[in-house]
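Report on the following structure.
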Amino acid sequence: MAGNTLTQRARSARKELTSRVRLGMSRVRAGFFQSVQITAAAVGAYFIAEALLGHHQPLFAATAAIVSLGYVRGGNHMRRILEVAIGCTLGIAVGDGLMYFLGRGPLQAIAVLLVSLLLARFLDNGTIFSTQMGLQAVLVVLLPPAIDGPFARSFDAVIGGLCALLIIALVPQDPRRQPKDEMIQLTREFSRVLREASEAIGHYDASRAWHALARARKTQPLLDAIESSLTTSKSLARVALTRRQALDDVRAYERALRGFDYSIRNARVLVRRIANVITTVHLRDEAIHSLHDVLLELSEAVDVLGLSLQAQSADARDAMRRRARIDLSSTASKLDPQAMGVRTYQGEALVMMIRSLTVDLLVLTGMENQAASKVLVTIHQELTEAMDVVDPDDTPHRKNS
Numbered sequence: 001m002a003g004n005t006l007t008q009r010a011r012s013a014r015k016e017l018t019s020r021v022r023l024g025m026s027r028v029r030a031g032f033f034q035s036v037q038i039t040a041a042a043v044g045a046y047f048i049a050e051a052l053l054g055h056h057q058p059l060f061a062a063t064a065a066i067v068s069l070g071y072v073r074g075g076n077h078m079r080r081i082l083e084v085a086i087g088c089t090l091g092i093a094v095g096d097g098l099m100y101f102l103g104r105g106p107l108q109a110i111a112v113l114l115v116s117l118l119l120a121r122f123l124d125n126g127t128i129f130s131t132q133m134g135l136q137a138v139l140v141v142l143l144p145p146a147i148d149g150p151f152a153r154s155f156d157a158v159i160g161g162l163c164a165l166l167i168i169a170l171v172p173q174d175p176r177r178q179p180k181d182e183m184i185q186l187t188r189e190f191s192r193v194l195r196e197a198s199e200a201i202g203h204y205d206a207s208r209a210w211h212a213l214a215r216a217r218k219t220q221p222l223l224d225a226i227e228s229s230l231t232t233s234k235s236l237a238r239v240a241l242t243r244r245q246a247l248d249d250v251r252a253y254e255r256a257l258r259g260f261d262y263s264i265r266n267a268r269v270l271v272r273r274i275a276n277v278i279t280t281v282h283l284r285d286e287a288i289h290s291l292h293d294v295l296l297e298l299s300e301a302v303d304v305l306g307l308s309l310q311a312q313s314a315d316a317r318d319a320m321r322r323r324a325r326i327d328l329s330s331t332a333s334k335l336d337p338q339a340m341g342v343r344t345y346q347g348e349a350l351v352m353m354i355r356s357l358t359v360d361l362l363v364l365t366g367m368e369n370q371a372a373s374k375v376l377v378t379i380h381q382e383l384t385e386a387m388d389v390v391d392p393d394d395t396p397h398r399k400n401s
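Start counting the sequence shown at 1; every next residue gets the next number (the numbering used here).
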């Protein structure tokens, strides 16, 4: 028994180690180009400050370049550069001013740090700004006076920020790559959710439906990550001189993200309702087959939308979106509860929710919401408005639902 336990633990540890190594290598591949950018900016800033300006050991030039570029996600590069440069300048000014009145020493350093941090919070709520201002103020008090003058470190910080700005302006990474990859991953997860929901209703298996709901909920961190990536990408696209044309694509991804966000929220509600319906009532076989088919068609349409994101040219993207629009329009023409064999209000509720989701997906193909709504088949018969209920005295009557 003990031997089996040790074997299981060893396998679990090996699996965990393998997973961490793969994740680490994935981060290395994703951040390789940015690492090269940071290295180039730091070395360039140090060289300019030392060789051209004659500063002695201008470490703050390299530090400012590294902090300005950083492995930023969800931030604005221009704001970071300004925070570093201005924070360093003000920190040194505050440190010099307080040192003139208080002198040097540990207690003076504490007072300088507190005052500089409070002043930084008063001026701006940026984390980097507060950190740089406090750090520079303390270093002015604790370190020997700079040989190159009191504000040499401030100039070094400005040089580091300018080198970082120059790197991302002239040698930028593609701002579209990360949000594009994450959007493709999102469409795959969304398609799996709809496919699992289709299988759940087809097999009338509530556990599959709950599993699909869990998968749908797990898309929220990915949605948040894409939103963060788009913020960074817009900042890069605005600054990068050679990537200005990418800004339109990034904005298109931003619009698509809003559409996917609406669709996935509707899908979560739909899948939860499917799980409840399977648990509480049994639909007719015809209704089950119809619901299974339309959900599968929606899943396939999402796959096509994912292919449109992978397309290299605008013409190819438009062709994929047209294909998805045709497929979704075909599905929309079937979403009539009566034609689908639905006879209960529970089934009708599912159909109405699928209609709403279909409209959201049609909008993702480039249609306006009003035009997408008109694609839906018109429902001519009245939907179920009442159901039998029982009073506490067991007297049945009709009640509007």
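C-beta atoms are modelled at their ideal positions from N, C-alpha and C, and glycine is treated no differently.
Legend entry - DSSP-derived helix/strand/coil call for Gly-366: coil
Legend entry - 4-residue-minimum alpha helix (DSSP H) runs that sit fully inside the stretch 133-207, ordered along the chain: 152-170 and 177-203, all fully within the stretch 133-207.
Legend entry - CB contact flag (Gly-259, Val-375, <7 Å): With respect to Val-375, Gly-259 sits apart: the two C-beta atoms are not nearer than 7 Å.
Legend entry - DSSP state of Asp-393 mapped onto helix, strand, coil: With a pLDDT of only 37 at Asp-393, under the threshold of 50, the placement of this residue in the model should not be trusted, and no figure is reported.
Inset, instruction - Would you identify the three-state DSSP class for Met-340, choosing helix, strand or coil? - result: In this structure, Met-340 counts as coil in the three-state DSSP scheme.
Inset, instruction - Apply the 10 Å Cβ neighbour rule to Gln-312 and answer buried if 16 or more other Cβ atoms are within range, or exposed otherwise. - result: exposed
Legend entry - Supposed close pair Cys-88, Phe-122 - CB separation, criterion 8 Å: That belief does not hold up - the Cβ atoms of Cys-88 and Phe-122 are roughly 18 Å apart, past 8 Å.
Inset, instruction - State yes or no: is the C-beta of Gly-160 within less than 7 Å of the C-beta of Ala-40? - result: A distance of 7 Å or more separates the beta carbons of Gly-160 and Ala-40.
Legend entry - Distance between Ala-225 and Arg-251 (C-alpha atoms, nearest Å): 16 Å
Legend entry - Range of the contiguous alpha helix (DSSP H) that encloses Arg-273: Note, Arg-273: alpha helix (DSSP H), 246-280.
Legend entry - Span separating the alpha-carbon of Arg-11 from that of Arg-20: 14 Å
Inset, instruction - Go through its chain and collect everything with a Cβ distance to Glu-286's Cβ below 6 Å, but skip five positions before and after it. - result: Gly-341
Legend entry - Distance between Gln-185 and Asp-315 (C-alpha atoms, nearest Å): 22 Å
Inset, instruction - Could you pull the start and end residues of the alpha helix (DSSP H) that His-292 belongs to? - result: Unbroken alpha helix (DSSP H) run through His-292: 285-310.
Inset, instruction - Quick one: grab the DSSP three-state call for Ile-379. - result: coil
Legend entry - Rounded C-alpha distance that separates Thr-358 from Thr-331: About 8 Å.
Legend entry - Where the alpha helix (DSSP H) through Arg-317 begins and ends: Start and end: 314-332.
Inset, instruction - Excluding the 5 residues preceding and the 5 following His-292 in the sequence, name in chain order all residues of the same chain whose CB lies nearer than 6 Å to its CB. - result: Here the set comprises Ser-198, Ile-201 and Gly-202.
Legend entry - Straight-line Cα distance separating Val-193 from Ser-207: One alpha carbon belongs to Ser-207, the other to Val-193, and they sit about 13 Å apart.
Legend entry - Trp-210 beta carbon less than 7 Å from that of Ala-267: No, these two residues do not count as a Cβ contact at 7 Å.
Legend entry - Beta-carbon proximity of Ile-147 to His-56, cut-off 7 Å: Cβ distance < 7 Å, so Ile-147 and His-56 count as in contact.
Inset, instruction - Give the straight-line distance between the Cα atoms of Asp-327 and Glu-16, rounded to the nearest whole angstrom. - result: 42 Å
Inset, instruction - Report yes if the C-beta distance between Val-377 and Ser-333 is below 7 Å; otherwise report no. - result: yes
Legend entry - Expected contact under 8 Å - CB spacing of Ser-228 and Met-78 to nearest Å: Not confirmed; about 17 Å, so no contact.
Legend entry - Buried/exposed call for Ser-191, threshold 16 Cβ in 10 Å: buried
Inset, instruction - May I have the straight-line CA-CA distance separating Ala-349 from Arg-273, to the nearest angstrom? - result: 9 Å
Inset, instruction - Taking all protein chains shown into account, decide if Thr-337 is buried (16 or more other Cβ within 10 angstroms of its Cβ) or exposed. - result: Correcting the residue identity first, residue 337 is Pro in this sequence and not Thr. Counting Cβ neighbours within 10 Å, Pro-337 comes out buried, since at least 16 surround it.
Legend entry - Spatially closest choice to Val-36 from Val-271, Ala-164 and Glu-196, by CA coordinates: Ala-164
Inset, instruction - Can you give me the Cβ contacts of Ile-168 inside the same chain, cut-off strictly under 8 Å, excluding the 5 residues immediately before and after it? - result: Gln-37, Leu-69, His-77, Leu-236, Val-239 and Ala-240
Legend entry - DSSP state of Ala-240 mapped onto helix, strand, coil: coil
Legend entry - For His-282 and Gln-245, the rounded distance between their alpha carbons: 54 Å
Legend entry - Own chain, CB closer than 8 Å to Ile-354, minus 5 neighbours either side, in chain order: Leu-270, Leu-291, Val-294, Leu-295, Leu-298 and Leu-335
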